[in-house]
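Here the structure is laid out as structure tokens; the discussion comes afterwards.
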């Protein structure tokens with residue numbers, strides 16, 4: 344058969360012969376013998392949407408990736424001889440089909456298919472077959488589907504059930520499964536998660552992870568254990584895991600100098616975070632050495648974005664120490680801003696750092712240059728407001744930018760100022776809250792925030808994270 348749309352083979356839903364597909368007022372299958380047959384949208388009794396042939400109402404798939412995956416499933420089922428390899432081939436083909444379903448918006452079908460495959464592998468495992476790696480991979484896939492629906496309890500149960508079966512088995516696959524289970528820790532569950540993470544580290548030992556499916560498996564475990572230690576109010580363990588994470592990242596980058604830039608960014612960002620903790624503890628000498636080391640690492644690997652993050656960490660530290668700004672400060676901030684704006688990543692870390700960079704640059708703009716001030720502070724405000732709508736912004740930082748922005752807008756653009764106040768009101772920040780908070784150091788997420796505790800505050804205090812808000816698109 345000759346492939347048609349996207350290299351996919353189509354058959355006639357009437358006679359089963361060779362056919363092609365065309366898209367005009369929907370999908371239509373074209374057969375030289377039977378003519379045109381429309382493919383219609385229909386719904387199953389459970390509400391699932393399905394495409395069916397108009398001639399008999401039977402399911403007919405039009406998506407190329409799904410058709411290709413269905414063909415793989417049929418080929419695997421027809422393969423010879425019977426046995427473990429055939430069973431694994433069918434499971435693998437079904438996983439490809441689940442992925443295709445998921446990518447075409449049929450998440451329920453995908454999850455159900457993956458769950459059926461997990462049951463099949465479980466039966467093989469109980470029968471004594473060597474399918475540890477496949478079992479771990481399938482459990483991870485099913486848990487990922489559950490997590491995507493925010494059903495973390497089910498995800499934990501999937502991991503726990505598989506790990507009970509894997510008890511006593513020490514392999515890379517089991518270690519990876521334990522780490523993934525450990526990442527699902529909660530306040531009531533952190534003891535079990537901690538045990539799994541430590542078990543994983545014991546299985547891995549001190550060996551080289553370069554050839555592992557994820558070479559950063561130790562880093563992931565250290566970072567999760569650091570988070571658990573922090574929640575448990577154990578600063579000694581928290582610092583220990585942070586140091587181990589940093590050292591492991593350095594080792595992995597030495598092994599792979601061509602690693603993606605985000606790996607270097609993660610390292611220098613962690614070093615900046617540690618430097619801030621050291622400074623708060625009074626160890627400024629070690630903090631400064633760490634910041635210098637971070638900048639040198641970014642330059643060593645010739646990564647502009649990582650260097651921008653490292654320099655931003657240094658600037659935040661210098662601002663917290665009340666040090667004077669260097670003569671080339673504006674040029675430095677412009678370079679950092681340009682680097683962040685050009686970055687393909689648009690995550691929280693980048694948006695928050697870019698907002699800080701705009702605020703820092705505004706500090707050295709001529710007070711008479713109104714347009715430049717409004718532009719930089721307005722850009723910072725917009726970035727932080729977007730994070731607020733997504734439920735993850737530092738309120739103190741947002742209020743600092745908003746307060747400065749409103750002062751400028753009140754001078755020449757009262758209508759825009761009114762609009763900004765409305766936006767802030769929608770996320771629980773009133774003018775009253777802005778007036779009772781003092782503008783603190785821009786780069787510091789929580790220190791030196793002044794609040795009048797004598798006055799009743801019915802909204803979150805500065806420095807606290809805003810609760811998740813529904814995303815509202817700006818007009």
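Numbering (my numbering), first residue to last: 344 to 818. Glycine included, C-beta positions come from ideal geometry on N, C-alpha and C.
Residues that DSSP places opposite residue 392 in a beta bridge | As a first step, residue 392 must be located in the chain shown, where it is residue number 49. Per DSSP, 386.
Give the straight-line distance between the Cα atoms of residue 757 and residue 458, rounded to the nearest whole angstrom.
-> Walking along the chain shown from the start, residue 757 turns up at place 414. Walking along the chain shown from the start, residue 458 turns up at place 115. Taking the straight line joining both Cα atoms gives about 58 Å.
Of the residues 660, 625, 554 and 561, the one placed nearest residue 548, counting alpha carbons only = On the chain shown, residue 548 is found 205 positions in, with the first residue counted as 1. Looking at the Cα atoms, 561 is the closest of the given residues.
Please classify residue 380: does DSSP put it in a helix, a strand, or coil?
-> As a position in the chain shown, residue 380 is number 37, starting the count at 1. The answer is strand: DSSP assigns residue 380 an E or B state.
Please list, in chain order, all residues of the same chain as residue 386 whose beta carbon is under 8 Å from its beta carbon, the five residues on each side excluded.
-> On the chain shown, position 43 is the one that residue 386 refers to. Taken in chain order, the residues that qualify are 392 and 393.
Own chain, CB closer than 7 Å to residue 341, minus 5 neighbours either side, in chain order = Absent from the structure is residue 341, since the part of the chain shown begins at 344 and ends at 818.
4-residue-minimum alpha helix (DSSP H) runs that sit fully inside the stretch 455–500, ordered along the chain | 475–491
Rounded to whole angstroms, how far is the Cβ of residue 522 from the Cβ of residue 540, which I believe are closer than 8 Å?
-> What you label residue 522 is simply residue 179 of the chain shown in a count that begins at 1. What you label residue 540 is simply residue 197 of the chain shown in a count that begins at 1. 6 Å between Cβ atoms; contact.
Spatially closest choice to residue 659 from 701, 684, 450 and 640, by CA coordinates | Along the chain shown, read from residue 1 onward, the residue named residue 659 stands at position 316. Comparing Cα-Cα distances from residue 659 to each of 701, 684, 450 and 640, the minimum goes to 701.
Please work out which residues of its chain come closer than 7 Å, Cβ to Cβ, to residue 472, disregarding the five sequence neighbours upstream and downstream, and give them in chain order.
-> Counting from 1 along the chain shown, the entry for residue 472 is found at position 129. Excluding residues within five positions, the ones whose Cβ falls inside 7 Å are 427.
Answer yes if the stretch 455–469 comes into contact with the stretch 479–489, meaning at least three C-beta pairs across the two stretches below 8 Å, and no otherwise.
-> yes
Pick helix, strand or coil for residue 515, following the three-state DSSP scheme.
-> Here the question's residue 515 lines up with position 172 in the chain shown. Of the three classes helix, strand and coil, the one that applies to residue 515 here is helix, per DSSP.
Would the beta-carbon of residue 507 fall within 8 Å of that of residue 489?
-> On the chain shown, residue 507 is found 164 positions in, with the first residue counted as 1. On the chain shown, residue 489 is found 146 positions in, with the first residue counted as 1. No, the pair does not count as a contact, with Cβ atoms beyond the cut-off.
Residue 317: first and last residue of the uninterrupted alpha helix (DSSP H) it sits in = Lying before the first or after the last residue shown, residue 317 is absent from the chain, which here runs from 344 to 818.
According to DSSP, what are the bridge partners of residue 363?
-> Taking the first residue of the chain shown as 1, we reach residue 363 at position 20. According to DSSP, which records beta bridges pairwise, residue 363 is partnered with 373.
Name the DSSP beta bridge partners of residue 354, please?
-> Here residue 354 refers to the residue found at position 11 when the chain shown is read from its first residue. Answer by DSSP bridge pairing, in chain order: 361.
Assuming residue 365 contacts residue 373 under a Cβ cut-off of 8 Å, what Cβ separation, rounded to an integer in Å, is found between them?
-> The residue you call residue 365 lines up with position 22 of the chain shown. The residue you call residue 373 lines up with position 30 of the chain shown. So it is a contact: roughly 6 Å between Cβ atoms.
How about residue 586 and residue 614: do their beta carbons lie closer than 8 Å?
-> Mapped onto the chain shown, residue 586 falls at position 243. Mapped onto the chain shown, residue 614 falls at position 271. No, the Cβ-Cβ distance between residue 586 and residue 614 is not below 8 Å.
Residue from 451, 528, 566 and 519 whose Cα sits closest to the Cα of residue 546 | Along the chain shown, read from residue 1 onward, the residue named residue 546 stands at position 203. It is 519.
Determine the contact status of residue 429 and residue 435, defining contact as a CB-CB distance below 8 Å.
-> For the purposes of this step, residue 429 is taken as the residue at position 86 of the chain shown. For the purposes of this step, residue 435 is taken as the residue at position 92 of the chain shown. No, they are not a contact pair.
Would you call residue 751 buried or exposed, if buried means 16 or more other Cβ atoms sit within 10 Å of its Cβ?
-> Numbered from 1 along the chain shown, position 408 holds the residue referred to as residue 751. Classification of residue 751: buried, given that the 10 Å Cβ count is 16 or more.
Count the other CB atoms, across all protein chains shown, that sit within 10 Å of the CB of residue 384; report buried if there are 16 or more and exposed otherwise.
-> In the chain shown, counting from the first residue as 1, residue 384 sits at position 41. Residue 384 comes out exposed.
Report the rounded CA-to-CA distance for residue 786 versus residue 487, giving the unit in angstroms.
-> In the chain shown, counting from the first residue as 1, residue 786 sits at position 443. In the chain shown, counting from the first residue as 1, residue 487 sits at position 144. Per-residue confidence for residue 786 stands at a pLDDT of 39, beneath the threshold of 50, marking its modelled position as unreliable; the derived number appears in the next sentence. If I take the Cα positions, the gap works out to 36 Å.
Take every Cβ of the stretch 350–362, pair it with every Cβ of the stretch 394–409, and state whether three or more of those distances are shorter than 8 Å.
-> yes
Do you know offhand how far residue 609's Cα is from residue 424's?
-> As a working mapping, residue 609 is identified with position 266 in the chain shown. As a working mapping, residue 424 is identified with position 81 in the chain shown. The straight-line gap from Cα to Cα measures roughly 49 Å.
Are residue 703 and residue 693 closer than 8 Å when you measure CB to CB?
-> Indexing the chain shown from 1 puts residue 703 at position 360. Indexing the chain shown from 1 puts residue 693 at position 350. No, they are not a contact pair.
Unbroken alpha helix (DSSP H) run spanning residue 676, endpoints = In the chain shown, the residue the question calls residue 676 occupies position 333. Here the alpha helix (DSSP H) through residue 676 covers 672–685.
Whose C-alpha, out of 746, 624 and 401, is nearest the C-alpha of residue 775?
-> Here residue 775 refers to the residue found at position 432 of the chain shown. The residue with the shortest Cα to Cα distance from residue 775 is 746.
How many angstroms separate the CA atom of residue 618 from the CA atom of residue 599?
-> For the purposes of this step, residue 618 is taken as the residue at position 275 of the chain shown. For the purposes of this step, residue 599 is taken as the residue at position 256 of the chain shown. Each residue's Cα considered, the two are about 25 Å apart.
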